[in-house]
Amino acid sequence: TEEDDRAFIGCLHTELVIMPTGPKVLSFRCSLGDPVAQAALPLLEGELFDVLAACAGRRLPKSPLRVLPQTSVVAVVMASGGYPGSFKRGFAISGLERALCVPGAHIFHSSTAMEDECSESNKKTKAPVRMSSLTQIAPPLISHHLTTCGGRVLTVAAVGRGLNEARERAYVGVRAINFTDAWYRHDIAAIATLAGEGRAQPTAQATHPPPRPE
4 TEEDDRAFIG CLHTELVIMP TGPKVLSFRC SLGDPVAQAA LPLLEGELFD VLAACAGRRL
64 PKSPLRVLPQ TSVVAVVMAS GGYPGSFKRG FAISGLERAL CVPGAHIFHS STAMEDECSE
124 SNKKTKAPVR MSSLTQIAPP LISHHLTTCG GRVLTVAAVG RGLNEARERA YVGVRAINFT
184 DAWYRHDIAA IATLAGEGRA QPTAQATHPP PRPE
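Here our numbering = 1-based position in the sequence shown + 3.
Have a look at this one:
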């Protein structure tokens, strides 16, 4: 900063809100941002570690950040029903293999755990083995049983040659995944894609789970 003559080194995450008069800044955060990073990382060329190491070593001009040309990405968060309010956890997650068969699809953990590590009965007595929010689901993990362990369960991101293709792939991946009380928005990137086609803009929609029996 100018006051103490120290340069900022790291990742800067800016939260914006799009107003009729233009974008407005809500906050600055010294992090990659979550779930913002899930929509940005698939666009990077090369290894993120190399870029971060170059940044920490003040060598970033020699190792510039490169993104995939003519590529778009759409990321959709799958959450537990009731989030951000009260919700249940410990539900089995299925369909991960099918989702990863979608071209350009990536799956990122947010609140998942190995089976029985995050059930309602032991969540207060046993710390769950939760997966990193910035770690893709690898084949060895798919062979095990994963369960929900929080509000934002996982994010499906997909790249495409344009926003329409990326959005279609992301939602195909989302529909392939299933867990009890799954909830996700239907309108991610809808305004941008429909505006490009000259169509009317949609209102916000989301899938809600059926009411739980008393």
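Every residue, glycine too, gets a C-beta built ideally from N, C-alpha and C.
Beta bridge pairing from DSSP links residue 26 with 21. Taking C-alpha positions only, residue 37 is separated from residue 80 by approximately 10 Å. Within the stretch 70-130, the complete alpha helix (DSSP H) segments of 4 residues or longer fall at 99-103, listed in chain order.
Cβ-Cβ distances below 8 Å link residue 12 to 58, 59, 61 in the same chain, with the five nearest sequence neighbours on each side left out; the list follows chain order. Counting only the Cα atoms, residue 44 lies some 13 Å from residue 53. Measuring C-alpha to C-alpha distances from residue 177 to each of 69, 157, 168 identifies 157 as the nearest. Under the three-state reduction of DSSP, residue 196 is assigned to helix. Rounded to the nearest whole angstrom, the CA to CA distance from residue 173 to residue 24 is 30 Å. The Cβ-Cβ distance between residue 149 and residue 196 does not fall below 7 Å. Residue nearest to residue 39 within the set 78, 107, 69, 88 is 78 (criterion: CA-CA distance).
Going by C-alpha positions, residue 68 is about 14 Å away from residue 15. As DSSP reads the structure, residue 16 sits in a beta bridge with 32.
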